[in-house]
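Colleague: Numbering (the working numbering), first residue to last: 78 to 597. For glycine and all other residues, C-beta sits at the position ideal for the given N, C-alpha and C. This is the structure, below, for whatever I ask next.
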Amino acid sequence: MLSSTVLAATPEQPVPKVSANADSVTHGTVVVDGTTIAYRAVAGTILVHGAAYDDSSDILSKRGVKLPEPKDDDAKNPPVASMFYTAYFKDGAPSARRPITFLYNGGPGSASVWVHMGTFGPRRVNTPGDTHLPAAPYQLINNPQSLLDVSDVVFVDAPGTGFSRIGGKDADKTFLGVDGDAEAFTHFIAQFLGKYDRFNSPKYLFGESYGTMRSAVVINNLEQEQNIDFNGVILLSQILNYDNSADTPQFNPGIDNPYVLALPTYAATAWYHKALPTTHPDLKAFLAEVEHFALNDYTLALAQGSDLPEQQRTAIAQKLHDYTGLPVDYILKSNLRVNGGQFEQQLQATTGTATGRLDTRYSSPTIDPMSKEVEYDPQSSAISSAYVTLFNDYVRTTLKYGSDETYHLFNTAAGRWDNKHTQPSGYPSEGVPNVMADLAMAMKTNPNLHVMLNAGYYDLATPYFEGMYEMKHLPIPDALQKNIEYAQYDSGHMVYVDPKSLQQLHDNVATFIRKTDNLH
78 MLSSTVLAAT
88 PEQPVPKVSA
98 NADSVTHGTV
108 VVDGTTIAYR
118 AVAGTILVHG
128 AAYDDSSDIL
138 SKRGVKLPEP
148 KDDDAKNPPV
158 ASMFYTAYFK
168 DGAPSARRPI
178 TFLYNGGPGS
188 ASVWVHMGTF
198 GPRRVNTPGD
208 THLPAAPYQL
218 INNPQSLLDV
228 SDVVFVDAPG
238 TGFSRIGGKD
248 ADKTFLGVDG
258 DAEAFTHFIA
268 QFLGKYDRFN
278 SPKYLFGESY
288 GTMRSAVVIN
298 NLEQEQNIDF
308 NGVILLSQIL
318 NYDNSADTPQ
328 FNPGIDNPYV
338 LALPTYAATA
348 WYHKALPTTH
358 PDLKAFLAEV
368 EHFALNDYTL
378 ALAQGSDLPE
388 QQRTAIAQKL
398 HDYTGLPVDY
408 ILKSNLRVNG
418 GQFEQQLQAT
428 TGTATGRLDT
438 RYSSPTIDPM
448 SKEVEYDPQS
458 SAISSAYVTL
468 FNDYVRTTLK
478 YGSDETYHLF
488 NTAAGRWDNK
498 HTQPSGYPSE
508 GVPNVMADLA
518 MAMKTNPNLH
528 VMLNAGYYDL
538 ATPYFEGMYE
548 MKHLPIPDAL
558 QKNIEYAQYD
568 SGHMVYVDPK
578 SLQQLHDNVA
588 TFIRKTDNLH
């Protein structure tokens with residue numbers, strides 16, 4: 078599914094050149110809450126380099142100083158990324174006092190088409206319901222939930238995705254990894270603030286999925302490396318520690334958090350599909366009960382491992398059946414540990430139906446009824462064509478950009494993404510990344526930084542309870558916990574595909590910005 082052209086040198090091919098394309102400036106209007114907002118849209122690129130790059134020669138060349146040619150080829154072709162962005166600026170607003178929000182998706186290795194066309198831009202894809210959309214023509218509509226009523230917005234494609242391109246010696250190693258990707262975004266943001274005179278604006282990051290992990294590193298980089306404080310970090314569908322992922326916890330034996338933290342989402346999903354053995358009229362009250370069980374009886378049972386008495390094992394399996402609808406014997410065979418893919422395959426197995434991962438409200442026919450786990454994601458299949466089709470049309474016909482370029486939905490980082498991460502303490506992690514210390518450092522060194530966590534009840538890619546657990550386990554003083562706020566929605570990973578949830582997301586984020594922009 079991941080595909081893209083990454084610009085890199087090969088023995089048969091010279092190192093390609095990457096340059097910034099000319100910006101395309103267009104104008105439009107959007108109606109938000111009955112008010113017409115005129116805006117200027119800029120689609121363009123900014124060049125960024127690796128962390129070790131010295132820009133002195135570039136500056137001197139611009140000043141007309143002639144420098145000797147580098148003696149080796151590598152020096153002539155340092156790694157470089159041309160990062161594509163689309164910025165929407167409200168007309169007539171004084172930019173120095175106007176909030177600005179940088180938005181991006183995750184993957185890692187995903188372009189930002191999803192947040193661009195689904196959240197807060199002036200136009201969005203219409204995705205009503207929880208079923209597969211009919212084929213083209215799709216509907217692009219005025220976005221009454223655009224954030225332009227309170228903030229300018231900038232959608233950014235990660236290096237190697239969308240219209241962003243990378244090139245030069247060791248470009249893959251420089252940009253396709255936790256730390257390299259974050260450095261690129263850090264430098265992009267700093268340059269953007271200078272280019273558009275926005276250093277003194279209230280500033281926010283908005284990352285979805287892996288983008289939340291990116292935000293934790295970037296916000297700390299901005300503070301420690303660039304001396305730029307932000308007002309807030311807005312997280313959507315969070316994962317800061319891959320050890321908590323429900324996708325493949327079986328390959329990390331001895332770590333039971335993923336099973337515990339995914340359980341409330343299993344329960345919400347079974348409730349939605351009416352697969353529970355008993356009726357629960359109030360979802361939130363039901364989930365509060367499940368959360369308590371997950372952190373207490375379930376956690377204690379799993380912690381005992383093979384010492385868990387058989388009678389207690391059966392009782393826990395029965396309780397898991399009550400909360401998930403899965404058969405008791407299946408739960409026992411799974412040793413009380415059912416991962417996300419298993420749950421998606423088993424919940425509606427009797428009808429040959431696969432349950433979604435990104436949004437468990439979505440269902441589609443099972444590819445292989447004998448498979449242990451679901452082999453595709455029903456929601457991704459249901460809406461991806463609409464997003465890709467409409468963005469490719471919109472960016473070319475409305476934004477007037479990219480007519481002769483291919484927009485890469487994903488890059489080729491799959492299998493080559495560098496998960497190593499150097500934490501603020503200097504400790505280099507070699508396994509799966511954990512960036513909780515980065516966000517904690519940013520909050521401690523800027524105690525005025527506010528954080529907002531948004532999550533959908535039906536998200537099994539990054540379960541909502543996992544995000545809450547990580548926030549409440551940040552290594553920060555208890556007094557800083559007041560800087561974190563939470564919001565849950567009756568939606569999935571892409572909260573915004575549900576129009577009602579998108580309106581709630583807009584209202585919550587707008588309120589968050591107004592409370593923290595230091596203008597009111």
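Between the Cα of A365 and the Cα atoms of N334, Y400, S189 and A170, which residue gives the shortest distance?
Modeller: Y400
Colleague: Starting from K167, follow the beta strand (DSSP E) in both directions and report where the run begins and ends.
Modeller: V157 to K167
Colleague: Mapping DSSP to helix, strand and coil, what is M529?
Modeller: strand
Colleague: Measuring CB to CB, does V294 end up less than 8 angstroms from L282?
Modeller: no
Colleague: Straight-line CA distance for K143 to K477?
Modeller: 37 angstroms
Colleague: Are the beta-carbon atoms of P52 and D536 separated by less than 8 angstroms?
Modeller: This structure leaves residue 52 out entirely; the chain is present only between 78 and 597.
Colleague: Return the first residue and the last residue of the alpha helix (DSSP H) that Q419 is part of.
Modeller: G417 to Q423
Colleague: Mark E302 as exposed unless 16 or more other C-beta atoms lie within 10 angstroms of its C-beta, in which case mark it buried.
Modeller: That one is exposed.
Colleague: Buried or exposed, going by whether 16 or more other CB atoms sit within 10 Å of the CB of D274?
Modeller: exposed
Colleague: One question on the structure: do N29 and K280 come within less than 8 angstroms of each other, judged by their Cβ atoms?
Modeller: Past the boundaries of the shown model lies residue 29; the chain is included only from 78 to 597, so the question cannot be answered.
Colleague: How would you label Q558, buried or exposed, when you count the other beta carbons within 10 angstroms and need 16 or more for buried?
Modeller: exposed
Colleague: Any contact of the stretch 179-192 with the stretch 232-247, i.e. 3+ C-beta pairs under 8 angstroms?
Modeller: yes
Colleague: Out of curiosity, what's the CA-to-CA distance linking D406 and E387?
Modeller: 13 angstroms
Colleague: Quick check on the DSSP output: what are the complete beta strand (DSSP E) runs of length 3 or more inside the stretch 220-288, in order along the chain?
Modeller: 229-233, 242-244 and 280-285
Colleague: Is the stretch 219-231 touching the stretch 479-486 in the sense that three or more CB pairs, one from each, lie closer than 8 angstroms?
Modeller: no
Colleague: Have a look at the DSSP bridge pairing and note the partners of R140.
Modeller: Note: R140 sits in no beta bridge, so no partner.
Colleague: Pairing CB atoms from the stretch 407-423 with CB atoms from the stretch 327-340, are three or more of them under 8 angstroms?
Modeller: yes
Colleague: So V107 packs on N220, CB below 8 angstroms; how close in whole Å?
Modeller: 6 angstroms
Colleague: Which residue from N304, Y287 and L312 puts its Cα closest to that of P510?
Modeller: Looking at the Cα atoms, Y287 is the closest of the given residues.
Colleague: Using a beta-carbon distance below 8 angstroms, is N488 in contact with chain B?
Modeller: The chain inventory of the structure shown lacks chain B, comprising one protein chain alone.
Colleague: Out of A129, L596 and N488, state which residue places its alpha-carbon closest to the alpha-carbon of T251.
Modeller: The candidate whose alpha carbon is nearest that of T251 is A129.
Colleague: Excluding the five sequence neighbours on either side, which residues of its own chain have a C-beta within less than 6 angstroms of the C-beta of H209, listed in chain order?
Modeller: Result list for H209: A459, in chain order.
Colleague: Can you grab the Cα-Cα spacing for the pair L600 / L385, in whole Å?
Modeller: The requested residue 600 does not occur in the structure, where the chain is confined to residues 78 to 597.
Colleague: Would you call the stretch 240-247 and the stretch 539-559 touching, i.e. three or more CB-CB distances under 8 angstroms?
Modeller: Short answer: they don't touch.
Colleague: In three-state terms, what does DSSP make of T122?
Modeller: strand
Colleague: According to DSSP, simplified to helix, strand and coil, what is G309?
Modeller: Strand.
Colleague: So, for Q456: in the same chain, excluding its five sequence neighbours on each side, which residues have a beta-carbon less than 7 angstroms away from its beta-carbon?
Modeller: G433, L435, D436, Y439 and G569
Colleague: Quick check: the Cα distance between I311 and P145, rounded to an integer number of angstroms?
Modeller: The alpha-carbon separation between I311 and P145 amounts to approximately 46 angstroms.
Colleague: For G206, which option in T588, Y573 and P354 has the closest C-alpha, if you only look at C-alpha atoms?
Modeller: Taking each of T588, Y573 and P354 in turn and checking the Cα distance to G206, the smallest one comes out for Y573.
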